[in-house]
Amino acid sequence: MILGLTAEEWQAVRLSLEVASRSVIVSLVPAIGIAWLLARGRFPGRMLLDALVHLPLVVPPVVVGWGLLMLFGVRGPIGGPLNDWFGIRLVFTTEGAALATAVMSFPLIVRSVRLGLEHVDPGLEAAARTLGAGPVDRFLTVTLPLMSPGILAGAVTAFAAGLGEFGAVITFVSNIPGETQTLPLAIYSATQTPGGEAVAARLAGVSFVLAMGGLLLAEVIARRMHLLLGRG
Amino acid sequence: MPGIALRHDFGPGGFTLDAAFDVPDRGVTALFGPSGCGKSTILAAVAGLLRPRAGRVEIGGAVVLDTSRGVFVPPERRRCGVVFQDARLFPHLSVETNLRYGQRRAPRDAAGPGFEEVVALLGIGHLLDRRPSGLSGGERQRVALGRALLARPRILLMDEPLAALDAARRAEVLPFLARLRDAAGMPILYVTHALDEVDALADHLVLLEAGRVVAAGPVAALAARTDLPLAARRDAGVLLDCQVARASEEGLTTLDFPGGTLATTLHPGPPGTRLRVRVRARDVAVATLEPHGISTRNILRGTLAEITPVPGTAEAFVRVAVGPSDILARITRDSVARLGLAQGMALWALVKAVTFDHRVVGAAAQDAPREED
Numbered sequence: 000m001i002l003g004l005t006a007e008e009w010q011a012v013r014l015s016l017e018v019a020s021r022s023v024i025v026s027l028v029p030a031i032g033i034a035w036l037l038a039r040g041r042f043p044g045r046m047l048l049d050a051l052v053h054l055p056l057v058v059p060p061v062v063v064g065w066g067l068l069m070l071f072g073v074r075g076p077i078g079g080p081l082n083d084w085f086g087i088r089l090v091f092t093t094e095g096a097a098l099a100t101a102v103m104s105f106p107l108i109v110r111s112v113r114l115g116l117e118h119v120d121p122g123l124e125a126a127a128r129t130l131g132a133g134p135v136d137r138f139l140t141v142t143l144p145l146m147s148p149g150i151l152a153g154a155v156t157a158f159a160a161g162l163g164e165f166g167a168v169i170t171f172v173s174n175i176p177g178e179t180q181t182l183p184l185a186i187y188s189a190t191q192t193p194g195g196e197a198v199a200a201r202l203a204g205v206s207f208v209l210a211m212g213g214l215l216l217a218e219v220i221a222r223r224m225h226l227l228l229g230r231g
Numbered sequence: 000m001p002g003i004a005l006r007h008d009f010g011p012g013g014f015t016l017d018a019a020f021d022v023p024d025r026g027v028t029a030l031f032g033p034s035g036c037g038k039s040t041i042l043a044a045v046a047g048l049l050r051p052r053a054g055r056v057e058i059g060g061a062v063v064l065d066t067s068r069g070v071f072v073p074p075e076r077r078r079c080g081v082v083f084q085d086a087r088l089f090p091h092l093s094v095e096t097n098l099r100y101g102q103r104r105a106p107r108d109a110a111g112p113g114f115e116e117v118v119a120l121l122g123i124g125h126l127l128d129r130r131p132s133g134l135s136g137g138e139r140q141r142v143a144l145g146r147a148l149l150a151r152p153r154i155l156l157m158d159e160p161l162a163a164l165d166a167a168r169r170a171e172v173l174p175f176l177a178r179l180r181d182a183a184g185m186p187i188l189y190v191t192h193a194l195d196e197v198d199a200l201a202d203h204l205v206l207l208e209a210g211r212v213v214a215a216g217p218v219a220a221l222a223a224r225t226d227l228p229l230a231a232r233r234d235a236g237v238l239l240d241c242q243v244a245r246a247s248e249e250g251l252t253t254l255d256f257p258g259g260t261l262a263t264t265l266h267p268g269p270p271g272t273r274l275r276v277r278v279r280a281r282d283v284a285v286a287t288l289e290p291h292g293i294s295t296r297n298i299l300r301g302t303l304a305e306i307t308p309v310p311g312t313a314e315a316f317v318r319v320a321v322g323p324s325d326i327l328a329r330i331t332r333d334s335v336a337r338l339g340l341a342q343g344m345a346l347w348a349l350v351k352a353v354t355f356d357h358r359v360v361g362a363a364a365q366d367a368p369r370e371e372d
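The listed protein sequences derive, respectively, from chains D and R.
Numbering of the first sequence is given in numbering that gives the first Met the number 0, commencing with residue 0 and proceeding in unit increments.
Numbering of the second sequence is given in numbering that gives the first Met the number 0, commencing with residue 0 and proceeding in unit increments.
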């Protein structure tokens, strides 16, 4: 027992951290791309894309999990070929848990990245153009650094939220200790077990501390970045 | 010589821009006109930041825009150094990295002043490690000038670079602009609606009104014309290119201009300093006989070249040829009649020594600006 947690409980904490980090890593680059399209793009269907991205915020998480099961199940239109051709199976795996968490926290990252992007003065990008910077060059040297507070804040928020994802995860990848049983799932199991109240309370405490820490960290990072960018 | 011809429509209810002019290879060409006359639009189209409906732009022998042949070179490959009104320094980079941003991306074979040279020229050596947020407005604009120059452009485009600054900051940056003009060795297109900037910096002038070129030519030639919107201004008058003849004595400085000398209470600098003086037409009186017993210091003998009534007023412009230079006087038509003024007659132009003010004197090319700490 370390810090009053058993090995199984630590496993749930570690798994939660792993799933949340992998979900953020997977969704960061697509989120930046989609945020760019939503903030700067002028194309038909932009509103539709906007709605689609925000769907996980309003649809019951269980429905998202069910949708993932339909798409990525071993007989699903995406999961089938993945399994047959590459031997990649997402259902009942840690990777699947990360995918479900990524989909759920995707709107949070996109919103934050988009806010960060909208803070970037297009005049600075125009200045970079006149100084000889091509599209990729000026994105990497001007736009990306200036929107980085939004990216970082989005990543940390999504990470903190990802630690607690329940409905989509349990529906898509079930509740397998050591494989898909993250913190909230372990808490759920504990409450279903006679005499598990103490375990549930300990894990709930850990969960609270992690989430709180994440949000505070996001705030500190955002302030630091704004100072660094001279926005005081 | 960079050539510019553009057509562009502004939204519903707006006017149509239809302007064509050349930019001489050396010196400053000022695009001058009231706010909203389309001058900033022209600059954006030359830089490539705006795509005009139709037009052709040629810079340094390269056609960067020709809508009739579908040519549109993107801004990043036009090599136009742009100085914006709001400096637009990159806030996340130090002053030095800002300065080097364009330099790093310039073609290797492009010639131009070196980093140290530009830093010294603009007096920004002590700012290199700072962030743009810690600079004053004037310092920011000086860094922006250096950044544009170091990108080794074929032309410098300046979009009202002093308009966002207060009077003190303008006075601080203006001498650096004059130095840069003399050192840059490339055409400069300078957008402004401030006549004192034109007086201090411009060699050529393109007068714009509602999207059209009203007149274009050397600044002094246009200032001396009475048929342009310039003549309706309170400060209308001729520009004289002067040189300080000898050191001030008893508070008076003698200036040589082609055709005569002027005494002034200004102290523009040591003998040899070149400057341009605006002699406002409303500050000039004329006499048909050489006046005596009068306080006016500058009594210039000349010949009456032209009388032009000012439409809608009881006044007239009288042009007096003093040697190769012209002096304009704005007097009442009643005086014209009373004195029996007629073309060709001998005339004395009277200019008080105290009527030039510092604001309209600039371009002291050999006068090194003071560096600020």
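Positions of the beta carbon are idealized from the N, C-alpha and C atoms, including for glycine.
Output needed for residue i: all residues of its chain with C-beta closer than 6 Å, excluding positions within five of it in sequence on either side, in chain order.
i: R/R279; result: D234, G236
i: R/D366; result: For R/D366, the predicted structure reports a pLDDT of 42, less than 50, and the residue's modelled location is therefore unreliable. The matter cannot be settled from this model.
i: D/V155; result: G213, L216, A217
i: R/A4; result: A19, G54, R55
At least one CB of chain R closer than 8 Å to the CB of residue i: is that the case?
i: D/G149; result: no
i: D/L145; result: yes
i: D/T129; result: yes
i: D/G233; result: In the structure displayed, chain D extends from 0 to 231; residue 233 of chain D sits before or after that span and is not available.
i: D/A152; result: no
i: D/A126; result: yes
i: D/A221; result: no
i: D/A132; result: yes
i: D/V141; result: yes
i: D/L228; result: yes
Taking the straight line between their C-alpha atoms, what separation do you get for residue i and residue j?
i: R/V81; j: D/A126; result: 7 Å
i: D/R41; j: R/R146; result: 32 Å
i: R/E171; j: R/L288; result: 44 Å
i: R/R153; j: R/G113; result: 15 Å
i: D/S20; j: R/G101; result: 38 Å
i: D/S104; j: R/L98; result: 40 Å
i: R/D24; j: R/I298; result: 38 Å
i: R/E95; j: R/A215; result: 38 Å
i: R/A53; j: R/E75; result: 20 Å
i: R/G339; j: R/A286; result: 11 Å
i: D/I31; j: D/I150; result: 8 Å
i: R/V212; j: R/F83; result: 23 Å
i: D/L37; j: D/R45; result: 7 Å
i: R/T264; j: R/V72; result: 52 Å
i: D/F171; j: D/E196; result: 26 Å
Considering only residues of the same chain and omitting the five flanking positions on each side of residue i, which have a CB-CB separation below 7 Å?
i: R/A223; result: V237, D325, L327
i: R/L346; result: V285, T287, G301, T302, L303, V319
i: R/D8; result: T15, R52
Would you kindly check if the distance between the Cβ of residue j and the Cβ of residue i is under 8 Å?
i: D/E17; j: D/T93; result: yes
i: R/R139; j: R/L88; result: yes
i: R/E159; j: R/C36; result: no
i: R/T307; j: R/A315; result: yes
i: D/A6; j: D/L182; result: no
i: D/L130; j: R/R50; result: no
i: R/G343; j: R/G259; result: no
i: R/L349; j: R/V276; result: no
i: D/G115; j: D/M146; result: yes
i: D/G64; j: D/A167; result: yes
i: R/L254; j: R/C241; result: yes
i: D/I175; j: D/S206; result: no
i: D/A50; j: D/S111; result: no
Does any C-beta atom of chain D lie closer than 8 Å to the C-beta of residue i?
i: R/V285; result: no
i: R/G400; result: It is not possible to answer for residue 400 of chain R, since the shown part of chain R is limited to 0 through 372.
i: R/C241; result: no
i: R/P74; result: yes
i: R/V81; result: yes
i: R/A150; result: yes
i: R/Y189; result: no
i: R/F114; result: no
i: R/L48; result: yes
Just checking residue i against the ligand PLP - is the residue's beta carbon closer than 7 Å to any of the ligand's heavy atoms?
i: R/L239; result: With respect to small molecules bound, the structure shown includes none, and the ligand PLP cannot be examined in it.
To which residues of the same chain is residue i closer than 8 Å at the C-beta, ignoring the five residues directly before and after it?
i: R/L173; result: L161, E196, A199, L200, G361
i: R/L30; result: K38, I41, L42, L188, Y189, V190, T191, V205, L207
i: R/P217; result: D202, H203, L204
Please look up how many angstroms separate the CB atoms of residue i and residue j, rounded, as I've assumed it's under 8 Å.
i: D/V23; j: D/G161; result: 7 Å
i: D/L293; j: D/V141; result: In the structure as shown, chain D starts at 0 and stops at 231, and residue 293 of chain D therefore has no counterpart that could be examined.
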